[in-house]
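K.L.:
Residue numbers (our numbering): 785 to 1204.
Every residue gets a Cβ at the ideal spot worked out from N, C-alpha and C, and that includes glycine.
In this text, all values refer to a predicted model and were calculated from it rather than measured experimentally.
Shown below is the structure under consideration.
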Amino acid sequence: MSFFKRLKEKLAGSSEQKEQELQEQQDQQVDLPLDEQVQEENQLIETVEEEITVAEHTVEKEQEEMVEQPVIEEVQPVEEEEEISNHSDAEVEEQPQKQSAWSITQKFKAGLEKTRNSFTSKVNDLVARYRKVDEDFFEELEDVLLQADVGFETVMELMDKLRFEVQRQNIKDTNGIQAIISEKLVEIYESGEENLTELNIQQSGELTVILFVGVNGVGKTTTIGKLAHRLKSEGKSVMLAAGDTFRAGAIEQLQVWGDRVGVEVIAQSEGSDPAAVMYDAIRAAKNRGVDILICDTAGRLQNKVNLMNELEKVHRVISREIPNAPHEVLLALDATTGQNALVQAQMFKEATNVTGIVLTKLDGTAKGGIVLAIRNKLHIPVKFVGLGEKMDDLQPFDAERYVYGLFAEGLEKELEKAEE
């Protein structure tokens, strides 16, 4: 399947799915007698009118209450890892409406806006200045990619692929070069592998243990809460283990997320042994028949050696209680730190068997190319990305949607041409 066809299906879903949904709706309407169809439409209109009336009264009442009540600001502890977003209860529904392919794609487009504004504008300027594809064009393109933190090794591999493709297709000018860059970036990331983002969830009746690691300040606790919400909305029973017992406020912060999402949190007092917390949590999860246990860990001890030793100890305790566990070791990295995130990934990979990356705050950086650098240099898949502060803004990483987010405007033009 061509890159454009795959991309189009990712953007809005396949045409076959749309036709099937439309046919099902038509079949349902045909099965009803005409009188019943008319009656059903009238009932629907009456229901909508009633809902509008109720909504108007509710808004008026809320506005009156907002005027009468003073605003009280909540003071956050200074030592907390990060602020906890003030989400409404409506965002934590057990069965949220399933997101469409288009809405997910738009999240990637919006989340990569800063990177796109910086990176794509330079690519567009490059394409405008160079009417033909030559060695000077490739050299400047290398600089643009390096500035986006794509990584030296990845850039060199991409340049080789581009040069070969330009020669193979006998491309002379720069028209459509963004589409070729996009396709080669996807190829480099996927490298022939499939299902890179799927979690290693055990079969029904068996406990799945997911261990989260990462330094303080990267959004690890918030990500745990969002992942718990996502898994719970998929019908899984989830429990959290507060293994970060060294940072002030860490246990309370995870408990807040547990209450918000509606999952139980197993914790001990501050300063207690994290391995003991994991032991208690595993026993509790087994006794309650929980599907998934997500374990938080410390992100800062006196030095790196102490931190890695503590993580190894936690890993041993989990493996002793459940063979082959933890089933996932997810490393939380802050995308805004650029190459520092790559250094952290290398450090944690040496100490623990990291199975996947959760890249947080991708919407807050202009160097979103770090995704490709991590994947290509460390061969660790990025399983989830944080594209905003809302509860459902933690999304499984998708290479094609990611590349679309980088080249949105240019690729949309290419898609239009491909359809003509």
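Check whether the Cβ atoms of Leu896 and Leu1190 sit closer than 7 angstroms, and answer yes or no.
P.N.:
Counting from 1 along the sequence shown, the entry for residue 896 is found at position 112. Counting from 1 along the sequence shown, the entry for residue 1190 is found at position 406. Yes.
K.L.:
My guess is that Phe922 and Arg947 are in contact by the Cβ rule of under 8 angstroms, so how many angstroms apart are they, rounded?
P.N.:
In the sequence shown, the residue the question calls residue 922 occupies position 138. In the sequence shown, the residue the question calls residue 947 occupies position 163. That belief holds up - the Cβ atoms of Phe922 and Arg947 are roughly 7 angstroms apart, short of 8 angstroms.
K.L.:
Does the distance from the CB of Ala1192 to the CB of Ile1158 come in under 7 angstroms?
P.N.:
What you label residue 1192 is simply residue 408 of the sequence shown in a count that begins at 1. What you label residue 1158 is simply residue 374 of the sequence shown in a count that begins at 1. No, the pair does not count as a contact, with Cβ atoms beyond the cut-off.
K.L.:
Pick from Val999, Gly1001 and Phe1181: whose alpha carbon is nearest that of Leu980?
P.N.:
Residue mapping note: residue 980 aligns to position 196 of the sequence shown, counting from 1. Taking only the C-alpha atoms, the option nearest Leu980 is Phe1181.
K.L.:
Since Leu1195 contacts Ala963 with CB under 8 angstroms, what's their CB separation in whole angstroms?
P.N.:
As a working note, residue 1195 is residue 411 in the sequence shown. As a working note, residue 963 is residue 179 in the sequence shown. Confirmed, about 6 angstroms.
K.L.:
Quick check: Ala1116 and Thr1007, are their CB atoms within less than 7 angstroms of each other?
P.N.:
Within the sequence shown, the letter at position 332 stands for residue 1116. Within the sequence shown, the letter at position 223 stands for residue 1007. In this structure, Thr1007 lies closer than 7 angstroms to Ala1116 by Cβ.
K.L.:
How should Arg1104 be labelled, buried or exposed, when 16 other C-beta atoms within 10 angstroms of its C-beta is the threshold for buried?
P.N.:
Indexing the sequence shown from 1 puts residue 1104 at position 320. Exposed, since its Cβ has fewer than 16 Cβ neighbours within 10 Å.
K.L.:
Output needed for Arg1084: all residues of its chain with C-beta closer than 6 angstroms, excluding positions within five of it in sequence on either side, in chain order.
P.N.:
One-based indexing of the sequence shown puts residue 1084 at position 300. Closer than 6 angstroms at Cβ, skipping near neighbours: Asn1000.
K.L.:
Report the residue from Gly1148, Ile1035, Ile955 and Gly1170 whose alpha carbon sits nearest the alpha carbon of Cys1079.
P.N.:
As a working note, residue 1079 is residue 295 in the sequence shown. When only C-alpha atoms are compared, the closest one is Ile1035.
K.L.:
Measuring alpha carbon to alpha carbon, tell me which residue in Leu910, Val970, Lys1010 and Asn901 is nearest Val1142.
P.N.:
For this step, residue 1142 is matched to residue 358 along the sequence shown. The residue with the shortest Cα to Cα distance from Val1142 is Lys1010.
K.L.:
Exposed or buried, which one is Ser905 when buried takes at least 16 other CB atoms within 10 Å?
P.N.:
Position 121 of the sequence shown, counted from the first residue, corresponds to residue 905. By the neighbour-count rule (16 or more Cβ atoms within 10 Å), Ser905 is not buried but exposed.
K.L.:
Among Ile888, Val1169 and Gln931, which one has its Cα closest to the Cα of Phe903?
P.N.:
Residue numbering aside, residue 903 sits at position 119 when the sequence shown is read from its first letter. Nearest of Ile888, Val1169 and Gln931 to Phe903, Cα basis: Gln931.
K.L.:
Please classify Leu983: does DSSP put it in a helix, a strand, or coil?
P.N.:
Your numbering for residue 983 matches position 199 in the sequence shown. If DSSP states are grouped into helix, strand and coil, Leu983 belongs with coil.
K.L.:
What number of angstroms, rounded off, separates the C-alpha of Arg766 from the C-alpha of Thr1121?
P.N.:
The chain is shown from 785 up to 1204; residue 766 falls before or after that span and cannot be answered.
K.L.:
Quick check on the burial criterion: 16 or more other C-beta atoms within 10 angstroms. Buried or exposed for Glu982?
P.N.:
The residue labelled residue 982 in the question sits at position 198 within the sequence shown. With fewer than 16 other Cβ atoms within 10 Å, it is exposed.
K.L.:
Mind checking whether Thr938 and Ala1150 have CB atoms under 7 angstroms apart?
P.N.:
Translated into the one-based positions of the sequence shown, residue 938 becomes position 154. Translated into the one-based positions of the sequence shown, residue 1150 becomes position 366. No.
K.L.:
Taking the DSSP output, what are the residues bridged to Leu1077?
P.N.:
Position 293 of the sequence shown holds residue 1077. Leu1077 pairs with Val993 and Met1023.
K.L.:
Going by other Cβ atoms of all chains shown within 10 Å of its Cβ, with 16 needed for buried, is Asp1147 buried or exposed?
P.N.:
Numbered from 1 along the sequence shown, position 363 holds the residue referred to as residue 1147. The residue in question, Asp1147, is buried, as its Cβ has 16 or more Cβ neighbours within 10 Å.
K.L.:
Taking the C-alpha atoms as reference points, what is the distance between Ala1119 and Leu1156?
P.N.:
Locating residue 1119 in the sequence shown gives position 335, where the first residue counts as 1. Locating residue 1156 in the sequence shown gives position 372, where the first residue counts as 1. Rounded to the nearest angstrom, the two C-alpha atoms are 12 angstroms apart.
K.L.:
For Ile1050, does the three-state DSSP call read helix, strand or coil?
P.N.:
Within the sequence shown, numbered from 1, the residue matching residue 1050 stands at position 266. Strand, per DSSP.
K.L.:
Between which two residues does the beta strand (DSSP E) containing Val1166 stretch?
P.N.:
Along the sequence shown, one-based indexing puts residue 1166 at 382. That run of the beta strand (DSSP E) goes Val1166 to Gly1170.
K.L.:
Going by beta-carbon coordinates alone, are Leu910 and Val1187 separated by less than 7 angstroms?
P.N.:
Position 126 of the sequence shown, counted from the first residue, corresponds to residue 910. Position 403 of the sequence shown, counted from the first residue, corresponds to residue 1187. Against a cut-off of 7 angstroms, the Cβ pair of Val1187 and Leu910 comes out as no contact.
K.L.:
Please state whether DSSP places Gly895 in a helix, a strand or coil.
P.N.:
By one-based count along the sequence shown, residue 895 stands at place 111. Helix at Gly895.
K.L.:
Between the Cα of Gly1152 and those of Ala1025, Ile955, Asn901 and Val1002, spot the shortest distance and give me the residue it belongs to.
P.N.:
Here residue 1152 refers to the residue found at position 368 of the sequence shown. If we check each option's Cα against that of Gly1152, Asn901 comes out closest.
K.L.:
Out of Gly960, Val1074 and Ala1082, point me to the one whose CA is closest to Ser988's CA.
P.N.:
Taking the sequence shown and counting its residues from 1, the one referred to as residue 988 is at position 204. For the residues Gly960, Val1074 and Ala1082, the minimum Cα distance to Ser988 belongs to Val1074.
K.L.:
Provide the residue(s) that pair with Leu1178 in DSSP beta bridges, ordered along the chain.
P.N.:
Counted from its first residue, the sequence shown places residue 1178 at position 394. For Leu1178, which the question treats as bridged, DSSP gives the partners Gly1170.
K.L.:
Under the rule that 16 or more other beta-carbon atoms within 10 Å means buried, what is Pro1165, buried or exposed?
P.N.:
Residue 1165 sits at position 381 when you count from the first residue of the sequence shown. Answer is buried; the Cβ neighbour count reaches 16.
K.L.:
Grouping DSSP H, G and I as helix and E and B as strand, with all else coil, what is Gly1122?
P.N.:
Residue 1122 sits at position 338 when you count from the first residue of the sequence shown. Three-state result, Gly1122: coil.
K.L.:
Give the range of the beta strand (DSSP E) segment to which Leu1143 is assigned.
P.N.:
Taking the first residue of the sequence shown as position 1, residue 1143 is located at position 359. Gly1140 to Thr1144 is the extent of the beta strand (DSSP E) around Leu1143.
K.L.:
Would the stretch 1049–1065 and the stretch 1023–1031 be scored as touching if the rule is three or more Cβ pairs under 8 angstroms?
P.N.:
Enough Cβ pairs lie closer than 8 angstroms, so yes.
K.L.:
For Gln1123, I'd like the list of residues in its chain whose CB is within less than 7 angstroms of its CB, leaving aside the five on either flank, ordered along the chain.
P.N.:
Along the sequence shown, read from residue 1 onward, the residue named residue 1123 stands at position 339. Excluding sequence neighbours, Gln1123 sits near Asp933.
K.L.:
Looking at the secondary structure, which residues open and close the alpha helix (DSSP H) in which Glu919 lies?
P.N.:
As a position in the sequence shown, residue 919 is number 135, starting the count at 1. Segment Glu919 to Gln931, the alpha helix (DSSP H) holding Glu919.
K.L.:
Taking Cβ to Cβ, would you say Ala1051 is nearer than 7 angstroms to Ala1026?
P.N.:
Position 267 of the sequence shown holds residue 1051. Position 242 of the sequence shown holds residue 1026. In contact: Ala1051 and Ala1026 (Cβ atoms closer than 7 angstroms).
K.L.:
Any Cβ of chain C within less than 7 angstroms of the Cβ of Lys1167?
P.N.:
The structure shown has no chain C; it contains just one protein chain.
K.L.:
Between Ile955 and Val917, is the Cβ-Cβ spacing less than 7 angstroms?
P.N.:
Within the sequence shown, the letter at position 171 stands for residue 955. Within the sequence shown, the letter at position 133 stands for residue 917. Cβ atoms of Ile955 and Val917: closer than 7 angstroms.
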